[in-house]
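Undergrad: Quick one: structure below, then a few questions.
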DNA sequence: TTGTTCATGGTACGACCGTATCATCAACGT
DNA sequence: ACGTTGATGATACGGTCGTACCATGAACAA
């Protein structure tokens, strides 16, 4: 037996290069040679570990979602031990907004893959994510739990609200990406709805006089690489 | 002078071909030869009327938005003479959902262009739509008018709600596109929020016992080409 | 030591793409 | 009638892309 190498680690390295170059120049514009150059290996190596470009793209999507799942988990852990349902929901939603380089890349590439899967049947056949409804179910559970413990409006429809929150976060993420909206205004809109949902009979979830800058004032710069949620 | 031809009409015909083939195979996969074949003209003709592919793509985006603006206008006119604000808002939102072939193509291509504009600076420099906030402003105006006439909850923030409704419609449109959600469930979610907003002190906007099928039951087929909103 | 096998590099091939070039046809002014 | 000019066709060129092929180094078993 000759030199043995950890194939999985090598694949992860190459997939990482794919994500980097695709995040910079667009998924449609990335070629095998670009990936090889970004990873610092030869074209032949990329071919060796991923026989075809299609397989490379599949693995890249998997790697992308894995990395982002881990990141969201870290964010959730960072909100402190035993956080309330609202803090958890808020962390979940804000983690999906493209507010720094990594989340911007994720948002861009995930959207690209989604759009690609509409016309590319091979990609659509792939389980696009492990469970497309995972976030929706998790959020629904959190809201229902908050309702049971009296922290959220018991009259709200937990699943509908969960779908709505995720949908708003997704579109506003894209708006941020294309520079049409500022992260602050997106966060303000989300806060607005969290205030509405996390409201029991007597108390208001957040202070009433915060005047969220929903309109966003000046639009975001084309590339807002500042961390809004550190 | 030789045979004179209406260049603008020819351009529209070719742009239409671009939209058709791009809607079928994806914007990234469309080439000049494909467009020429779809339009039933020679490759040279496409080059003649659009000197470069970049210009063809720009014109295609313009043509796409123009066509869709006209379609939304027709939908609005079709809801009847002097419709209430709620009917208008509802027509506006539902018109943007990909429920038939034409709106599916529009949604797919518009999303493709948006994603493309993130990494393609030439496309980003272009005024992506005539006014990105046109829909947002129109919807905000409608909601404010409904508030003044006592048809909508005066305590709601019109602009925030407008942003939210458009954001939800957009993401759910993509979910429908990729077959992750049924048009019916998306409509149910939108109705839920319209019921919440269009609610005065004493009355409820819609019947209270409609049990919207938000979860969607069985997922949509991969290509739901049936007209949900005829 | 030697031979087998994994790992890696270099390079060529065929296909396609966007664009450019050359040629031809058709119509209107004069 | 005819020449000028716009409209159209056929084809060639350079480049890039994904993939395939051939060669070589490197490590472990025997």
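Residue numbers (my numbering), protein chains in the order written: chain A, 18 to 247; chain B, 18 to 247. Ideal Cβ placement from N, Cα and C applies to all residues, glycine included.
Suppose the cutoff is 7 Å on Cβ atoms and the five residues either side in sequence are ignored; what does the same chain contact list for residue 78 (chain A) look like?
TA: In chain order, 130 place their CB closer than 7 Å to the CB of residue 78 (chain A), counting only its own chain and leaving out the 5 sequence neighbours on each side.
Undergrad: Given a limit of 9 Å on CB to CB distance, which residues of the stretch 142-153 of chain B reach chain A?
TA: 145, 149 and 150
Undergrad: So, are the CB atoms of residue 75 (chain A) and residue 127 (chain A) less than 9 Å apart?
TA: no
Undergrad: Expressed to the nearest angstrom, what Euclidean distance is found between the alpha-carbon atoms of residue 40 (chain A) and residue 99 (chain B)?
TA: 48 Å
Undergrad: Beta carbons nearer than 9 Å to chain B: which residues of the stretch 41-74 of chain A have them?
TA: 41, 42, 43, 44, 45 and 46
Undergrad: Helix, strand or coil for residue 199 (chain B) per DSSP?
TA: coil
Undergrad: Per DSSP, what kind of secondary structure is residue 40 (chain A) in: helix, strand or coil?
TA: helix
Undergrad: Closer than 9 Å, CB to CB, is residue 113 (chain A) near chain B or not?
TA: no
Undergrad: Roughly how many angstroms separate the alpha carbons of residue 208 (chain B) and residue 113 (chain B), rounded to a whole number?
TA: 14 Å
Undergrad: Taking only the alpha-carbon atoms, compute the straight-line gap between residue 243 (chain B) and residue 118 (chain B) and give it to the nearest angstrom.
TA: For residue 243 (chain B), the pLDDT reaches just 36, beneath the cut-off of 50, and the residue's location in the model is therefore unreliable, although a value from the coordinates is still provided. So the alpha carbons of these two residues sit roughly 8 Å apart.
Undergrad: Residue 129 (chain B) CB to nearest chain A CB: under 9 Å?
TA: yes
Undergrad: Please list, in chain order, the chain B residues whose beta carbon lies closer than 9 Å to that of residue 210 (chain A).
TA: 177 and 181
Undergrad: Sorted by chain position, which residues of the same chain lie with C-beta nearer than 8 Å to residue 50 (chain A)'s C-beta, five sequence neighbours on each side aside?
TA: 60
Undergrad: Just the C-alpha distance for residue 222 (chain A) and residue 160 (chain A), rounded to the nearest angstrom, thanks.
TA: Here residue 222 (chain A) scores only 44 on pLDDT, less than 50, and its place in the model should not be relied on; the value that follows carries that caveat. Using only the alpha carbons, I get a separation of about 14 Å.
Undergrad: Would you say the stretch 152-171 of chain A touches the stretch 156-170 of chain B, given that touching needs at least three Cβ pairs under 8 Å?
TA: no
Undergrad: So with Cβ pairs under 9 Å, would you call residue 35 (chain A) a contact of chain B?
TA: no
Undergrad: Identify the contact partners of residue 137 (chain A) in chain B, using a Cβ-Cβ distance below 8 Å as the criterion.
TA: 43
Undergrad: When Cβ atoms are compared, which residues of the stretch 188-204 of chain A fall closer than 7 Å to chain B?
TA: 188, 189, 191, 194, 195 and 197
Undergrad: State yes or no: is the beta carbon of residue 134 (chain A) nearer than 9 Å to at least one beta carbon in chain B?
TA: yes
Undergrad: Starting from residue 125 (chain A), find everything on chain B with Cβ-Cβ shorter than 9 Å and list it in chain order.
TA: 132, 135 and 136
Undergrad: Closest by CA to residue 97 (chain B), which one among B:173, B:171 and B:108?
TA: Closest by alpha carbon: B:108.
Undergrad: Would you please verify whether the beta carbon of residue 174 (chain B) is less than 9 Å from any beta carbon of chain A?
TA: Yes - at least one Cβ of chain A is within 9 Å of the one on residue 174 (chain B).
Undergrad: Counting Cβ pairs closer than 8 Å, one from the stretch 170-185 of chain B and one from the stretch 60-74 of chain B, do we hit at least three?
TA: no
Undergrad: Give every residue of the same chain whose Cβ lies closer than 7 Å to the Cβ of residue 139 (chain A), excluding the five residues on either side of it in the sequence, and list them in chain order.
TA: 71
Undergrad: Check this for me: beta carbons of residue 106 (chain A) and residue 44 (chain A), under 9 Å apart or not?
TA: no
Undergrad: Would you mind telling me which residues of chain A sit closer than 9 Å to residue 169 (chain B), beta carbon to beta carbon, in chain order?
TA: The premise fails here: residue 169 (chain B) is roughly 15 Å from chain A at the closest Cβ pair, so nothing lies under 9 Å.
Undergrad: Got a sec, what are the start and stop residues for the alpha helix (DSSP H) residue 90 (chain B) sits in?
TA: Where residue 90 (chain B) is concerned, the enclosing alpha helix (DSSP H) stretches over 70-95.
Undergrad: What are the boundary residues of the alpha helix (DSSP H) that residue 160 (chain A) is part of?
TA: 151-165
Undergrad: Quick one: residues in its chain with C-beta nearer than 6 Å to the C-beta of residue 35 (chain B), no 5 flanking neighbours on either side, listed in chain order?
TA: 52 and 77
Undergrad: So residue 206 (chain B) contacts chain A; which residues on that side make the cut at Cβ distance below 7 Å?
TA: 177, 180 and 181
Undergrad: Alpha carbon to alpha carbon, how far is residue 103 (chain B) from residue 163 (chain B)?
TA: 8 Å
Undergrad: Return the CA-CA distance between residue 185 (chain B) and residue 58 (chain A), expressed in angstroms with no decimal places.
TA: Here the alpha carbons of residue 58 (chain A) and residue 185 (chain B) stand approximately 43 Å from one another.
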